[in-house]
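Everything on this sheet refers to the single structure shown next.
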Amino acid sequence: MLVNWIVPFLVGIAIFFIIGWFTGSDEYGGIKTKDDERSQFIKQKAIVSSWILLLVFFVINFIFDLFDLNNEHLAMIQFQYPELFYLLFSVGSYFVYYWIYNRRMSSNEK
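Under the working numbering, the residues of the sequence shown are numbered 554 to 663, in order.
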């Protein structure tokens, strides 16, 4: 019974610190980051873009289910933990967007 209280509490604290690391902001988790404003802006823009991509993914999935447009070949594939797929999708898209925005906003000083 104690585990049912401790595990969600520790996961919540870990997520709190991870958000601070992903966004580069001192407001989340009290982590003192050495990110400048440009780096914080890139991280925040990447996290917003990854969440928007995830929302678009959910909307497309909903429309496919609503109009019964699912592919018959994928009907046999069962995901044991679909939340893990969404989590990996959002974290992966964060790093892709971070790389894209970092390249776009890099200074070309040599």
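Glycine is no exception: its CB is placed at the ideal position from the N, C-alpha and C atoms.
Computed from a prediction, not measured in an experiment: that's the story for all the values here.
Return the first residue and the last residue of the alpha helix (DSSP H) that residue i is part of.
i, result
"Tyr-650", "635–657"
"Phe-611", "590–619"
Beta carbon of residue i, beta carbon of residue j: below 8 Å?
i, j, result
"Tyr-651", "Ile-595", "yes"
"Tyr-654", "Lys-598", "yes"
"Ser-603", "Ser-643", "yes"
"Tyr-634", "Leu-607", "no"
"Ile-509", "Phe-575", "Residue 509 is absent from the model: the chain starts at 554 and stops at 663."
Under the rule that 16 or more other beta-carbon atoms within 10 Å means buried, what is residue i, buried or exposed?
i, result
"Leu-563", "exposed"
"Ile-559", "exposed"
What does the alpha-carbon distance come out to for the pair residue i and residue j?
i, j, result
"Phe-620", "Asn-614", "10 Å"
"Asp-618", "Glu-636", "18 Å"
"Arg-656", "Glu-590", "16 Å"
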